[in-house]
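Participant: Taken in order, the first sequence gives residues 122 to 347; the numbers are from the numbering used here.
We treat Cβ as the ideally placed atom computed from N, Cα and C, and that holds for glycine.
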Amino acid sequence: MKSTSCSSCLLKSKAVINLGDNELDILDKSCVQATFDRGETIFKQGALSSNIIYLQTGLIKLMIKGPNRVQILRLKKAPCYLGLPTTMGDKINNYSASALEKSTACFIDMNTFKELLRINPAFSYEIIIELCKNELEQFKRCVTLVQNQIFGRLASNLISFADDIYSSHEYELPLNRNELADLVCTSRETISRILSDLTKERIIEANGKHIKIINYNMLKEISRKG
DNA sequence: GCATTAACCACAG
DNA sequence: CTGTGGTTAATGC
């Protein structure tokens with residue numbers, strides 16, 4: 122299935138750049154590339170996990186089944202590693218990942234990955250950096266979700282789509298209203314209402330999945346104050 | 001009490 | 001799959 126070798130790959134991660142030729146060969150032997158269409162599951166909560174996944178291109182969502190409903194943990198945009206916590210931290214996946222747009226990913230055998238961590242400190246260092254950045258992002262998101270009211274929670278996410286994912290004040294939402302609700306912990310109805318309220322206030326324009334941020338500063342203010 | 005927030009339900013495009 | 005309206009429960013003046 123693999124069209125290129127790891128050594129000639131143009132989409133190397135920051136960690137893999139530090140690997141020598143020998144180490145790239147080791148990686149090459151247990152690395153398989155796959156592509157996913159929108160909606161396809163990359164890995165599933167409850168299943169045995171034995172791979173580290175490097176998302177080369179695309180956008181995915183991580184979700185976890187809570188006591189009552191699904192919770193979208195976060196969206197992740199390539200390039201990034203997927204499943205580090207769930208593969209290294211447990212034998213079973215603690216959450217699922219599915220593609221929000223056409224994505225490509227490399228599946229790396231966990232034992233090979235562990236071996237690379239052991240033999241190459243520069244590689245390990247980059248992995249730790251990525252993990253730490255992720256944790257900080259999660260902490261921030263946690264505070265926003267717990268302490269802000271719904272306007273603030275949704276505003277934060279609309280801003281994060283614009284700044285972190287699409288680098289534009291105008292974009293197509295990768296999620297429907299229900300998924301948006303799962304992302305900011307509310308109901309589908311409330312999402313509808315808030316999007317139309319924000320449109321009435323001329324802070325954004327929302328037409329179906331098309332979002333245009335008109336008053337970025339105001340939206341930022343809402344996300345800060347909750 | 002009264003106002004606000006947000007969930008749940010129902011129903012219509 | 002979405003948007004809206006009515007109802008209701010919880011919380012805070």
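Identify the residues that DSSP records as bridge partners of residue 181: which are they?
Facilitator: Paired residue(s): 197, 220.
Participant: Please tell me whether residue 305 and residue 257 are closer than 8 Å, where the distance is taken between their beta carbons.
Facilitator: No, these two residues do not count as a Cβ contact at 8 Å.
Participant: Go to residue 312, then tell me how far its alpha helix (DSSP H) extends in each direction, as first and last residue.
Facilitator: Per DSSP, residue 312 belongs to the alpha helix (DSSP H) from 309–321.
Participant: Give the range of the beta strand (DSSP E) segment to which residue 292 is assigned.
Facilitator: Looking at the DSSP string, the run of the beta strand (DSSP E) that includes residue 292 is 291–293.
Participant: Quick one: is residue 334 buried, meaning 16 or more other Cβ sit within 10 Å of its Cβ, or exposed?
Facilitator: Looking at its Cβ environment, which holds 16 or more other Cβ atoms inside 10 Å, residue 334 is buried.
Participant: Can you find the residues in the same chain that come closer than 8 Å, C-beta to C-beta, to residue 142, ignoring five residues on each side of it along the sequence?
Facilitator: 128.
Participant: Could you please give the first and the last residue of the uninterrupted alpha helix (DSSP H) stretch that includes residue 208?
Facilitator: Segment 205–209, the alpha helix (DSSP H) holding residue 208.
Participant: Just list the residues that DSSP pairs residue 135 with in beta bridges.
Facilitator: Answer by DSSP bridge pairing: none, since residue 135 is not bridged.
Participant: Could you spell out where the beta strand (DSSP E) holding residue 330 opens and where it closes?
Facilitator: Where residue 330 is concerned, there is no enclosing beta strand (DSSP E), given that its DSSP letter is neither H nor E.
Participant: Starting from the Cα of residue 201, find the closest Cα among 165, 153, 248 and give me that residue.
Facilitator: Per the Cα distances, 248.
Participant: Distance, Cα to Cα, residue 233 vs residue 227?
Facilitator: Each residue's Cα considered, the two are about 13 Å apart.
Participant: Rounded to the nearest angstrom, what separates residue 212 and residue 265 at their Cα positions?
Facilitator: Residue 212 and residue 265: Cα-Cα distance of roughly 31 Å.
Participant: So is residue 97 buried or exposed if we call it buried at 16+ other beta carbons inside 10 Å?
Facilitator: What the structure shows of the chain is the stretch from 122 to 347, and residue 97 is not part of that stretch, so it cannot be assessed.
Participant: Can you tell me whether DSSP reads residue 123 as helix, strand or coil?
Facilitator: Confidence at residue 123 is low in this model, with a pLDDT of 46, below 50, so the placement of that residue should be treated as unreliable; the coordinate-derived value is given next. Here residue 123 sits in coil by DSSP.
Participant: Along the chain, where does the alpha helix (DSSP H) that runs through residue 263 open and close?
Facilitator: Looking at the DSSP string, the run of the alpha helix (DSSP H) that includes residue 263 is 242–268.
Participant: From 166, 222, 131, pick the residue whose C-alpha is nearest to that of residue 206; which is it?
Facilitator: For residue 206, the nearest C-alpha among the options comes from 166.
Participant: Just checking my contact of residue 193 with residue 218 at CB under 8 Å: how many whole Å lie between their CB atoms?
Facilitator: Residue 193 to residue 218, Cβ: 11 Å. No contact.
Participant: What's the C-alpha gap between residue 308 and residue 297?
Facilitator: Those two C-alpha atoms are separated by around 12 Å.
Participant: Just curious, the alpha helix (DSSP H) that residue 276 is in, first and last residue?
Facilitator: That run of the alpha helix (DSSP H) goes 271–281.
Participant: In terms of residues, what are the limits of the beta strand (DSSP E) holding residue 155?
Facilitator: Its beta strand (DSSP E) spans residues 152–157.
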